[in-house]
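Numbering (this note's numbering), first residue to last: 2 to 525.
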C-alpha cells in the first residue's frame, strides 16, 4: 500500500494474486489493473513505489519465485497504472526483485532490492549497477530513503539493516563524471563534538552479544572519492601486462635486473587528501585506497597527533582512544585530492569546500573557541616534547647499555671508561624518574608525584575529550610540564654529548659496534 507523495488521495494497493488497485479519491472508488507486460498472471505484487517527482508515475516490483520463476519483474507506469513498461533493464536474469525506490533528490535514479543484493540505475532502469562497498550479496526485502540526511536504508532477509549514509556521490555519478580519471565529491557539513562512550568502552563494551547495538556513521568530515582506474606501480603494471600477453598466446619474458630493482624500491601508489583551513594552512593529510571505484575516508576533525612517529600502526587499545591531536575550531575548510605514484604527487580535480559546525549545544563564543584552540595547540607542543624526550631517553639508555657491554669486551678499554658509562646510565635513570615518575615508589604502591609526561598526558586525555575551556588546574599542569621538560631536554642534550664522546673513545679503541655510531675501517 503506497500513497503518492505528490498528490493527496492517490493511493496504490498491490495484492498477492497479481493485482494493482488504484484510487484517486482516497478510497472512494478503485480501479483494478490485472495485466502487466511480460509478467505472468497471479504474480505476487511485492512492492509499489509512487514517484517523489511526478504525480502520475509509479514503480512496481513483482515476485514469482514461488512458482520457480526467478526473473526480475520491475515495471513503471507513467499514467497512474493505466499503462506499464519494464525498467528491469540489464538486471541479472536470475534474481527476484522484492523492492524498489526512486531517489527524491534526483529523478530517474532508482534503487531495487533483489534476491542477490542491492542495485541502482542512473537512467531510469536501462542499466543497473550492483552496490557493493560492504553490502553483502543478500536478499534485500525493503528500502527507505531518509530525505533530510540523504541516506538509503536497506532491510535484508537476514533481519539486518544496512545504511548508505550519503547518497550525494550516487546522485552526481553521471557517465560524464565517472569518465574522469578521479573525482572528489562534495562534502557535507561536519558536526564538531566529542563522541560519547556511554559504557566506558566503544560499542557494546561488556554488555555481551545478546545486546543489540549497531555502529554509528563515521565521525567527522567524510570524503568520498572515485577512481576510474586503479593506480598501479611498476610491478602490478608488469604483471597485468604479462597476463594479457599470456591470454593472447604471446611470449612473456623475464624482467631485467634493473626493472626488478626499480620495482623493489618503488613506493606503493596512493591517493592523498589534503585538508586546509581558511588561510590555506595545511591541517591534515589523509590517504585513500588506490583501487578503482568509490572509497570513503573520514577525518576526525583533529590535527595530527604529536606522538612519536611509528612505522607500524599501533594495536587498538579498548581502554584508550589512541594517539590523536587537538580538535580544530569550527569554520570553513577545503579538501583537495591528489595521486602519489612513484613519489610524484599530482593534483586531481577541484578541491571541495565544507564547514565544520559546532553542535547546537555548544556554549562557547568565537573568542573562547580561539582561546581553547590556542591552549590545545600549546598542549600539543608540550606533549610532543615530553613524549619525544621520553623516547630519546630510552634510545640513550639503549646506547649506554650497549657501550657498557662493548667496553667490557674491549681489552684496551680501561675502567675509567666503564665508570663513565655507568655514570651516564645513572643520570638517565634520574631523568627517567623526572619524566615518568619514580619507579622505585611506583613498584611498591607508594604515593609518588606524577612525572612530566603524565602531567601533560592527563591534560590531553581530559581536555581533548571535551569542547569546553580548560580548567585552571589543566592550565597550571601544562605550565609546570613545559618548564620541567625544558630543563629535562637540557639534561638530555648534555647526556647525548657525553655519549657521543664516549662512543668516539670506544671507536678509537676498536670496540665492537654499538647503536649511535658509524664504525671506521683503519688502514693496514
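Ideal Cβ placement from N, Cα and C applies to all residues, glycine included.
- Counting along the chain, the unbroken beta strand (DSSP E) around residue 271 starts and ends at 271-277.
- For the 9 Å CB-CB criterion, residue 190 and residue 298 do not form a contact.
- Counted as a single uninterrupted DSSP element, the beta strand (DSSP E) harbouring residue 226 occupies residues 222-228.
- DSSP places residue 50 in the strand class (E or B) of the three-state scheme.
- A Cβ-Cβ distance of about 5 Å is found for the pair residue 226 and residue 289, placing them in contact under the 8 Å criterion.
- Within the DSSP bridge table, the entry for residue 348 names 339 as partners.
- Around the CB of residue 307, 16 or more other CB atoms lie within 10 Å, so the residue is classed as buried.
- Taking the CA atoms as reference points, residue 305 sits about 22 Å from residue 296.
- Between the stretch 113-126 and the stretch 137-156, the count of C-beta pairs closer than 8 Å reaches three or more; the two stretches touch.
- Classified as buried, residue 100 has 16 or more neighbouring CB atoms from the shown chains inside 10 Å of its CB.
- The secondary-structure analysis by DSSP pairs residue 63 across a beta bridge with 46 and 74.
- For residue 475, there is no enclosing beta strand (DSSP E); the residue is found in the alpha helix (DSSP H) stretching over 473-509.
- The beta carbon of residue 435 sits closer than 6 Å to those of 489, all from its chain and outside the five residues before and after it, given in chain order.
- For the 9 Å CB-CB criterion, residue 500 and residue 517 form a contact.
- The continuous stretches of alpha helix (DSSP H) do not include residue 143, which lies in the beta strand (DSSP E) extending over residues 141-147.
- For residue 355, the three-state secondary structure derived from DSSP is strand.
- Here DSSP, grouped into helix, strand and coil, assigns residue 518 to coil.
- In terms of Cβ geometry, residue 260 and residue 234 do not form a close pair [threshold 9 Å].
- About 6 Å separates the Cβ atoms of residue 410 and residue 513, confirming a contact at the 8 Å cut-off.
- At least 9 Å separates the beta-carbon of residue 27 from that of residue 55.
- Straight through space, the alpha carbons of residue 255 and residue 355 are spaced by roughly 50 Å.
- Excluding its 5 nearest sequence neighbours in each direction, residue 391 has C-beta neighbours in its own chain below 7 Å: 436, 437 and 454, listed in chain order.
- In this structure, DSSP gives residue 122 an extended state, which the three-state scheme calls strand.
- Assigned with DSSP and collapsed to three states, residue 436 falls in helix.
- When only Cα atoms are considered, residue 218 and residue 166 end up about 7 Å apart.
- In the DSSP assignment, residue 460 falls within the unbroken alpha helix (DSSP H) covering 453-464.
- When rounded, the separation of the alpha-carbon atoms in residue 18 and residue 47 is 11 Å.
- Judged by beta-carbon spacing, residue 212 lies beyond the 9 Å limit of residue 279, meaning their Cβ atoms are not closer than that value.
- In the same chain as residue 215, and ignoring 5 residues on each side of it, the C-beta atoms closer than 8 Å to its own belong to 162, in chain order.
- When the Cα atoms are used, residue 147 and residue 348 turn out to be separated by approximately 34 Å.
- Taking every protein chain shown into account, the CB of residue 328 has 16 or more other CB atoms within 10 angstroms, so this residue is buried.
- In this structure, residue 39 lies away from residue 13, with their beta-carbon atoms at least 9 Å apart.
- When Cβ pairs closer than 8 Å are counted between the two stretches, the stretch 269-276 is seen to touch the stretch 334-346, the count reaching three or more.
- For residue 111, the enclosing beta strand (DSSP E) has its first and last residue at 111-115.
- The continuous alpha helix (DSSP H) containing residue 262 extends over residues 258-266.
- If you draw a straight line from the Cα of residue 496 to the Cα of residue 478, it is about 26 Å long.
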